[in-house]
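Going down the list, the protein sequences come from chains A and B.
For reference, each letter of the first sequence is one residue, going 1 to 695 in this note's numbering.
For reference, each letter of the second sequence is one residue, going 1001 to 1331 in this note's numbering.
Don't be surprised by glycine CBs; every beta carbon is placed ideally from N, CA and C.
As the structure is a computational prediction, the values presented were derived from the model and not from experiment.
Just below is one structure, and these are the notes that go with it.
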Amino acid sequence: MTRETRDTLWLLGVLAFVMAPHAWHLPWWSIVGAAGALIWRAKVAIQDQSLPPRRWLIYLLIALLSMTWLTYGTLMGREVGITLVVMLTTLKSLELKARRDALVCMYLGFFLIFTQFIFSQSMATALHMLIGVWGLLISLILGQRPLGYPSLSSTGKQSARAMLWGLPLMVVLFLFFPRLGPLWALPADAAQRTGLSDTMSLGDVASLVNDRSIAMRVKFLGNPPWPDALYFRGPVLDQFDGKIWTSRPKSSAHMDEAVKLQGASLNYLATIEPTGLKILTLVDGTTQARIVHPISAGNLTQQGINWFRESPKEQRLQVQAQTYLARQLGPFSDEPSLRLLTAFPAGSSPATRQWAMQWRAQLLKSKNRPEGSALTTPELIDGLLDYIRTQNYRYTLSPGISAAANGQAIDQFWLTTRSGFCEHYASAFVALMRMMGVPARVVMGYRGAEVNSVDGLYVIRNSNAHAWAEVWVASKGWQRVDPTAAIPPHRIDVSGLDLPFADLAGPLKMVDMDALRAWRARWEAVDHKWNEWVLQYANDDQMSLLKSMGWKNPDWLALGRTLAGALILLGCGNALMMYFFHRRRLIHSSTQWTPLMQRLSQALATLAPPPPGASPTAASTWHDHLLRHWGTVNSDQQALLESLIDLDKLRYGQSESPKRLKQPQRHLQPLQMAITLLKRIEAQAKACRLINENS
Amino acid sequence: MTMPWTKLWEQWLARRTPRTDRLQFTQRNVYIVPSMGGWVYAAAVLVLLLAAINEQLNLAYALAFLLGGVGLSSMSLTHGNLRGLVLTLSASERAHAGQNARVTVQLDAQHLQQGRYGLILNEQLPCEVEAGSISTVQINVACKNRGWMTLPRWRIQTTYPLGLFRAWGYWRPAQRLLIWPALESNPPMPPTGTGTDEKKALQANTRPTDTNDDDIRAWRRGDALHDVMWKKSASRLMTEQPPLVRGRQVTTSPPQSHWFDWEMTSGLSTEARLSRLATWLVDAEQKRVALNNLYGLRIPGTEIPCSAGPAHLALCLDTLALWSAPPSQRS
């Protein structure tokens, strides 16, 4: 492989490496196009063909722009920009000829690395992109070393060295560079996030149950509650069209709901992963909350015990909040608006409606009450839960409700299959309550948490997604009813539920699950620290850092001063290091030979006039000169000449092996030997001179 | 107005770079500025920083700062790529005026832990040296006038490793080159009569062997490869005949002495005369083996007795190179 081929392939490889994660979120044609262009260019490099003519590239560019337009309907925006950067980089690689083209490719590569961070800032991405930077720097270095065939390992070392040297500066800038708000707004792309949605049709949550990614983490300050008893309140769904539960535009949850605080308060810190929801899934009963990170995310708005942010954004939020787990949620007296929450589409689920009427009559009878008298809401709730408990209702993730039955799904579930999961139960329960004239609504959110054994954080995964019912009870307000919890354990079928690590293959199944769980806990604890320390580091962290450094009232000016001071310190440190390195280098420098050679010339000048020209730099010059001067040599002179050759050997002989330079002290050895040798030469020269004088 | 400033500048530069045959680059004689590529890089990093601010991504900040740090640290690395390097001038070949003299420069990194790469010597010569070794570069220096020539100021520069900064140092070698008088391209033959008849000697003393056409004969075992006349032999080689070689005349008689005298070149300017003499001398040395000649040089103030060989030629040419008219000639 020629040098040029190898360098080109390296650059193409690094670009492909840096682009690879984009494959998950770019349109298919751009992935195919990018891969095709890179492979084409690699083929050109390997087979030493000529590059495609410029005309072709222009056609390709036009095709690219029109495809982008067709896909997105615009040439602006973030995702469009990323698609364009990827495509332009690969197109540029197709006209990679001069060093300048390679430079453009490398700089585009840096932008590609940047675009990855829009999608993920995980540790894995950071490491991936760090390797990408390293690879691009290697390309940059290769371009500066035109001679020979420099090995990738030596350039790799050089690249790592450059990054290592840059590291202190990066740390100082990261810590102290003032964090500003966004300079201009980009059109926000619709977030495609997994996680809770703000509507519910039967079958939605099932897909979430096997999604083990983390939805949020909670750190309780004070007595932590029992994790299984925790409900995290998400969208409140109070409108049903026979198929889908939705929130009323001005839903009951948006009314000013009276909250009666009861019991002890509990403070906590929640870190919420990016979601597509405006509502924050905080602990049920949260009465106070504010965003701690990032400040720029703005304020939260409160509606009862529901909390909303200004707009859903690709941001991880840290929220400080206070909850009363035993809260009561009003209204406590019957209001006309509550009647809206008994509405049920007339034609929907007629069989269930009929069943409800019969069941209520039976319940009346069983309580020995006269026909036509009223049952209290708690009686209805208990009766229905009891019905679920005693009848053959099952919990399963594959309830087998056909899509054709969509409009009559509740009928099919409640009367026929009698198996389903939380949202079937919640939706049927709320439907039945409404049919019997009781205000009720569905609440979605998360239930339960896993306590990380390493950092003690409560981890809530998407698999914790849950749906339950809220029923209005006179003078008590909204009561949480979880019909799924009424199913006795022996009727819970977990076959459709992936156990943690169930996707591990063969022999790995033998691995101790507890050990795996412990490792996962460790990893997630590290990941949380990464989020907390690196990704969430913001202006207020800078200020508290300054405070800990001794500034009394840190502000922007203090930040600037600290930054300047740190940079000056870095510069001085660098200068000092250079000074010491440089001095050490001089000690071992070959300049040490200069005085030795001068001494040699002095000693030998007594035997013959020095050779013309500048003072000889090598002993061999003297050797040749003396030989010429003497013509024939006797044994003494011969010994002197041999010593001169030895001296040169000491100086130049081993120079082929740079290894001896690895240890500086070993480098001194030839010099010291040379000094001994020089003394011998001086003695030999004296002997020769004496013979000359005598003869 | 600019003249005095330029002169002052040159004087200052000359003071900063004393002439030496052995130069070590140190903190004091390496200069560094950002290169064009460096400015572009800085612009790219700035754009990345703006994007990081706008997207509020901490890892993007980190990327911009890392690249900024790498860029700035490459200033040290580029400077370090020259610092410590030792340049040594080896003895240089002599040349005639109008020709290029080849000067050999040694890049010495024996005492260094890191190689020195991507160096550009004298604006066009790329070179590098591995750690712990020496590498040699040859520079062609144009020679204009005969006599001693001081070498020009050379610049050695590098943009290694990242091409973001350009570091350079100047070197003014102390060694002077002795330039011989220019050679004439088509000189007339030296007038005969002062020595023995050249033509006659040639006819009498050479024994052309196996000649078909002047000196050309068929190849025989033992003939040197460089005597083969490949172009003329092409057609013979096709028919598997032995190639033609340039026949060497073997001289048998004692050598003939030949004098080149200043007076032989009368009618020309001084420099032209020196050139003519130098051309004859070189010519005579080239034909020495064929003609078995000795030659001597007679110019005002100096006489070099007849002899032959490269050292003798060099002595003659050196004398010509350094000759200046004695007072009596100057009228």
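Under 9 angstroms from the C-beta of residue i: neighbouring residues of chain A
i, result
"B:Y1031", "Within 9 angstroms Cβ-Cβ: nothing; B:Y1031 doesn't reach chain A, min ~16 angstroms."
"B:I1053", "R179, L180, G181, P182, L183"
"B:T1159", "Q144"
"B:F1025", "Neighbours of B:F1025 on chain A: none; closest Cβ ~11 angstroms, over 9 angstroms."
"B:R1277", "A small fix is needed here, since residue 1277 of chain B is Leu in this sequence, not Arg. The premise fails here: B:L1277 is roughly 23 angstroms from chain A at the closest Cβ pair, so nothing lies under 9 angstroms."
"B:F1065", "G166, L169, M170, V171, V172, L173, F174, F177"
"B:V1103", "Correct list: empty, because the minimum Cβ distance to chain A is about 13 angstroms."
"B:L1050", "L183"
Residue i: contacting residues in chain A (beta-carbon distance under 8 angstroms)
i, result
"B:P1310", "Simply none; closest approach about 14 angstroms."
"B:P1126", "P146, L147"
"B:R1282", "The residue asked about is misnamed: residue 1282 of chain B is Val in this sequence, not Arg. Residues of chain A passing the Cβ test: none, with the nearest at roughly 22 angstroms."
"B:G1169", "Those within 8 angstroms of B:G1169 in chain A number zero; the least Cβ separation is about 15 angstroms."
Buried or exposed (CB count within 10 angstroms, at least 16 for buried), residue i
i, result
"B:P1191", "exposed"
"A:F580", "exposed"
"B:T1196", "Its pLDDT being 45, under 50, B:T1196 is placed unreliably in this model, and the value from its coordinates should be taken loosely. Exposed."
"A:E693", "exposed"
"A:W533", "exposed"
"A:I459", "A small fix is needed here, since residue 459 of chain A is Val in this sequence, not Ile. When all chains shown are included, A:V459 counts as buried."
"A:N392", "exposed"
"A:G148", "exposed"
"B:G1071", "buried"
"B:A1278", "buried"
"A:V477", "Here the sequence assigns Gly to residue 477 of chain A, which means Val is not the residue at that position. Result: buried."
"A:R54", "exposed"
"A:C572", "exposed"
"B:D1108", "buried"
"B:Q1110", "buried"
"A:I691", "exposed"
"A:G263", "exposed"
"B:I1139", "buried"
"A:G73", "exposed"
"A:D334", "exposed"
"B:E1010", "exposed"
Own chain residues within Cβ distance below 8 angstroms of residue i, not counting five before or after
i, result
"B:L1112", "G1084, L1085, A1131, G1132"
"A:L300", "L280, A289, R290, I291, W307, F308, R309, V319"
"A:G242", "P345, G347, S348, S349, G407"
"A:P225", "L266, L325"
Cβ neighbours of residue i in the same chain (closer than 6 angstroms, five flanking residues each side left out)
i, result
"A:W414", "T352, A428"
"B:E1273", "Checking the sequence, you will find Arg at residue 1273 of chain B rather than Glu. Closer than 6 angstroms at the Cβ level, and outside the excluded window around B:R1273, lie T1265."
"B:S1275", "P1181, A1182, E1184"
"A:P294", "A538"
"B:L1162", "S1074"
"A:L64", "M87"
"B:H1351", "Since the first and last residues shown for chain B are 1001 and 1331, residue 1351 of chain B lies out of range."
Neighbourhood of residue i by C-beta, 7 angstroms cutoff - its chain only, sequence neighbours within 5 removed
i, result
"A:V430", "A440, R441, V442, A469"
"A:L60", "L91"
"A:L9", "A42, A45"
Contact list for residue i against chain A, beta-carbon separation under 7 angstroms
i, result
"B:S1035", "Within 7 angstroms Cβ-Cβ: nothing; B:S1035 doesn't reach chain A, min ~10 angstroms."
Cross-chain neighbours of residue i in chain B, by beta carbon under 9 angstroms
i, result
"A:V534", "N1058, L1059, A1062"
"A:N574", "S1073, S1076"
Within chain B, the residues that residue i reaches when beta carbons sit closer than 8 angstroms
i, result
"A:L140", "P1161, L1162, G1163"
"A:Y387", "Those within 8 angstroms of A:Y387 in chain B number zero; the least Cβ separation is about 52 angstroms."
"A:Y537", "N1058"
Item to check | chain B contacts made by the stretch 272-295 of chain A, where a contact means CB separation under 8 angstroms | outcome: Of all residues in the stretch 272-295 of chain A, P294 have a Cβ within less than 8 angstroms of some Cβ in chain B.
Next on the checklist: Which residues of the stretch 3-30 of chain A have a Cβ closer than 9 angstroms to any Cβ of chain B? Give them in chain order.
Outcome noted: Within the stretch 3-30 of chain A, no residue has a Cβ that lies closer than 9 angstroms to any Cβ of chain B.
Item to check | Interface residues of the stretch 1133-1147 of chain B facing chain A [CB-CB below 9 angstroms] | outcome: Against chain A - using a Cβ distance shorter than 9 angstroms - the residues of the stretch 1133-1147 of chain B are S1133, I1134.
Checklist entry - Of all the residues that make up the stretch 125-137 of chain A, which are near chain B by a beta-carbon distance shorter than 9 angstroms? => result Taking 9 angstroms as the Cβ-Cβ cut-off against chain B, the residues of the stretch 125-137 of chain A that qualify are T125, A126, M129, L130, V133, L137.
Checklist entry - Where in the stretch 1064-1104 of chain B do unbroken runs of the alpha helix (DSSP H), each at least 4 residues long, occur, reported from the N-terminal end onward? => result Listed in chain order, the alpha helix (DSSP H) elements of length 4 or more contained wholly in the stretch 1064-1104 of chain B amount to none.
Item to check | Within 9 angstroms of chain B by C-beta, residues of the stretch 146-176 of chain A in sequence order | outcome: Within the stretch 146-176 of chain A, the residues whose Cβ lies closer than 9 angstroms to some Cβ of chain B are P146, L147, G148, P150, S154, T155, Q158, S159, R161, A162, M163, L164, W165, G166, L167, P168, L169, M170, V171, V172, L173, F174, listed in chain order.
Next on the checklist: Residues of the stretch 93-122 of chain A in Cβ contact with chain B at a cutoff of 8 angstroms, in chain order, please.
Outcome noted: Flagged, chain order: L103, Y107, F110, F111, I113, F114, F117, I118, Q121.
Next on the checklist: Could you tell me which whole beta strand (DSSP E) segments of length 3 or greater appear in the stretch 1025-1060 of chain B?
Outcome noted: Runs found: 1031-1034.
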